[in-house]
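In what follows, a single structure is set out as structure tokens and then discussed.
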Amino acid sequence: MKTISRLRYFLYLSILIVGCTTGKKALQKGNYDQSVFKSVDRLKSAPKNAEAMYVLPVAYDLALKEHLRKIDEAKVSSDVLRWETILSHYQKINQLSDEVNSSPVALTLVKNPQKYINEVEDSKYKAAEVRYTLGVNQMSENNRVSAKSAYYNFEKAQYFYPTYKDVKNKMDDAYWAAVVKVVVQPVKVNSSYYQLSNQYFQDQVSEFMRSYQTNRFVIFYSEQQANAQKITPDQVLRMSFDDFIVGQTYVKERVEKLKKDSVLISDSRANGKVYGTVRATLSVFDKQVSSSGLLAMTIFDYQTNKIIRQQRLPGTYLWQDSWASYKGDERALSKQQLQMTKRRELLPPAPAALFVEFTKPIYAQLVDEISYFYNKY
Numbered sequence: 345m346k347t348i349s350r351l352r353y354f355l356y357l358s359i360l361i362v363g364c365t366t367g368k369k370a371l372q373k374g375n376y377d378q379s380v381f382k383s384v385d386r387l388k389s390a391p392k393n394a395e396a397m398y399v400l401p402v403a404y405d406l407a408l409k410e411h412l413r414k415i416d417e418a419k420v421s422s423d424v425l426r427w428e429t430i431l432s433h434y435q436k437i438n439q440l441s442d443e444v445n446s447s448p449v450a451l452t453l454v455k456n457p458q459k460y461i462n463e464v465e466d467s468k469y470k471a472a473e474v475r476y477t478l479g480v481n482q483m484s485e486n487n488r489v490s491a492k493s494a495y496y497n498f499e500k501a502q503y504f505y506p507t508y509k510d511v512k513n514k515m516d517d518a519y520w521a522a523v524v525k526v527v528v529q530p531v532k533v534n535s536s537y538y539q540l541s542n543q544y545f546q547d548q549v550s551e552f553m554r555s556y557q558t559n560r561f562v563i564f565y566s567e568q569q570a571n572a573q574k575i576t577p578d579q580v581l582r583m584s585f586d587d588f589i590v591g592q593t594y595v596k597e598r599v600e601k602l603k604k605d606s607v608l609i610s611d612s613r614a615n616g617k618v619y620g621t622v623r624a625t626l627s628v629f630d631k632q633v634s635s636s637g638l639l640a641m642t643i644f645d646y647q648t649n650k651i652i653r654q655q656r657l658p659g660t661y662l663w664q665d666s667w668a669s670y671k672g673d674e675r676a677l678s679k680q681q682l683q684m685t686k687r688r689e690l691l692p693p694a695p696a697a698l699f700v701e702f703t704k705p706i707y708a709q710l711v712d713e714i715s716y717f718y719n720k721y
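Numbering-wise, the sequence shown is residues 345 to 721 according to our numbering.
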């Protein structure tokens, strides 16, 4: 009985799947394009499927009429971008035609499916013409925001019709009118001793600026690059470690009185096993070496020298070490405590290395801050 039930279940499931893949449900929901694609796909695997053979011509006719109706509506609309709508519908009609042509059975059901090659090319040209004109008008406004919009319009025009007029040159002009050029000055530190450590931070910042791609309309230059390319910046980014402390050391001692009962004291033939209490004094030393600093980050407008943004980014690095010593009977100590007494005090990293360590969290904040700030441009 279980076997029969399973067969019925799989038979029902197979019928359901076939119904879904013939395109009938999509047709009933008014998804005519989807219905065409599904019914053709079904006929490729099952050329004699009656339901798919019924669905295809009905769905194709309805899909074609719907697209042609929307094309006519768009042509008389006031939408400045109407040619993009028209193009989209012509392309969808051509996709339907290609799909029908991919199946011999489908071609017997939908004879000579229509294809609009010239109309597509004409629509692309007119769509590019509109975008190009919008871009030219926006460029005449002579401001960065409008230039950015113009760039996107020229980019669209080139997408629709790559050889349209001088669209490539217009796109380049719009880009450089829209881009924000930022000169990043070398990171300063008010100590000659930490110049080498500061260079590590400087190298990280320089690499980030070189690889920055979050916003295509922002370009970072070093001072050397700006001078070599004769760049007049829009903004200047200055950074300096004005306030920092390296190697501030704290040592704390904790003293614990330990005892352990029922410890085997001796074991002899005369007296047997003797148990007693053992005691010890444990001194635990905790050493911390703290290093911290603040990076002052300031962004200036180059023309006015006014501050656009100012932040102080903190960073801290804490180096720690622990060791111990004891007096008394070591049997009063746990294994972990005894292990600590075998450790010796370690020397902390050199000050230059500690400087590098506290700058690492500062760098992470700096990246986030710059990415957030320039994302709006």
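Positions of the beta carbon are idealized from the N, C-alpha and C atoms, including for glycine.
Because the structure is a prediction, the values reported are computed rather than measured.
Going by DSSP, T660 is part of no alpha helix (DSSP H) but of the beta strand (DSSP E) stretching over 651–672.
Secondary structure of Y508 (DSSP, three-state): coil. Residue pairing by DSSP places R598 opposite V628 in a beta bridge. In this structure, F552 lies away from A640, with their beta-carbon atoms at least 9 Å apart.
Around the Cβ of S467, a 10 Å sphere holds 16 or more other Cβ atoms; the residue is buried.
Residue Q579 holds the alpha-carbon nearest to the alpha-carbon of T648 among V533, Q579, Y565. Straight through space, the alpha carbons of Y707 and D645 are spaced by roughly 23 Å. Nearest Cα to V449 within the set E701, E473, A396, A491: A396. Taking a contact to require three or more Cβ pairs closer than 8 Å, the segment 609–616 and the segment 683–692 do not qualify as touching. Counting C-beta atoms within 10 angstroms of its own C-beta, S446 has fewer than 16 neighbours from the protein chains shown and is therefore classed as exposed. For A640, the secondary structure class from DSSP, reduced to helix, strand or coil, is strand. Under the three-pair Cβ rule at 8 Å, the segment 663–671 counts as touching the segment 624–638. In this structure, V523 sits away from E567, with a CB-CB distance that is not shorter than 9 Å. Fully contained in the segment 476–539 are the following alpha helix (DSSP H) runs of length 4 or more, in chain order: 488–504, 511–522. Between the alpha carbons of F381 and K392 lies a distance of about 17 Å. Positions of the beta strand (DSSP E) runs, each at least 3 residues long and wholly inside the segment 555–614, are given as 562–566, 579–612 in order along the chain. Per DSSP, reduced to three states, the secondary structure at S634 is strand. Between the segment 476–483 and the segment 498–512 there are three or more C-beta pairs closer than 8 Å, enough to call the two in contact. Note on D377: 16 or more other CB atoms within 10 angstroms of its CB, so buried under the neighbour-count rule. In this structure, DSSP gives D645 an extended state, which the three-state scheme calls strand. I461 has its alpha-carbon roughly 20 Å from the corresponding atom of V474.
DSSP links V618 through a beta bridge to S610. In the three-state DSSP reduction, R623 falls in the strand class (E or B).
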